[in-house]
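To start, the structure under review is shown below, and the notes come after it.
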Amino acid sequence: MLVAILFLLLIITGIIIFIPPFHWLIIFSLIALISLITFLALRLFVKLKYTILISLLIFFTLSLLSLGLFDPVNVVLTISLFVGTLILIK
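Once you know that position 17 of the sequence shown is 16 in numbering that gives the first Met the number 0, the rest is easy, because the numbers rise by one and skip nothing.
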């Protein structure tokens, strides 16, 4: 599992260094890879349902940042979605 996490991290680093992420498809694929790495790393330490929730929160937050929509209203909506889902899971 650790080898897979390190391999994905190596792929992201290589893509960022050799291909500047200017195209939206590349940016969202990098965000998905970062979310996948977070999922794989947290799966070792946390229950699966919390791992999925945290990786989705990271995906939504990074997507808002990349689209330039990281204003206070969207941040509050994302955090309230995270907290509401967390309450429903418990």
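Backbone N, C-alpha and C fix where the C-beta goes; we use that ideal spot for every residue, glycine too.
Return the CA-CA distance between residue i and residue j, expressed in angstroms with no decimal places.
i, j, result
"H22", "T12", "17 Å"
"L85", "L63", "20 Å"
"L47", "K89", "13 Å"
"L87", "L68", "27 Å"
"T50", "L8", "18 Å"
Just curious, the alpha helix (DSSP H) that residue i is in, first and last residue?
i, result
"K48", "L47 to L66"
"P71", "P71 to I88"
"F21", "Neither: F21 is in no alpha helix (DSSP H) and is coded neither H nor E."
Cβ atoms of residue j and residue i: under 7 Å apart, would you say?
i, j, result
"F38", "S28", "no"
"F58", "S34", "yes"
"S65", "I26", "yes"
"L61", "I30", "yes"
Stretch pair the stretch 38 to 48 + the stretch 0 to 8: three plus CB contacts closer than 8 Å: yes
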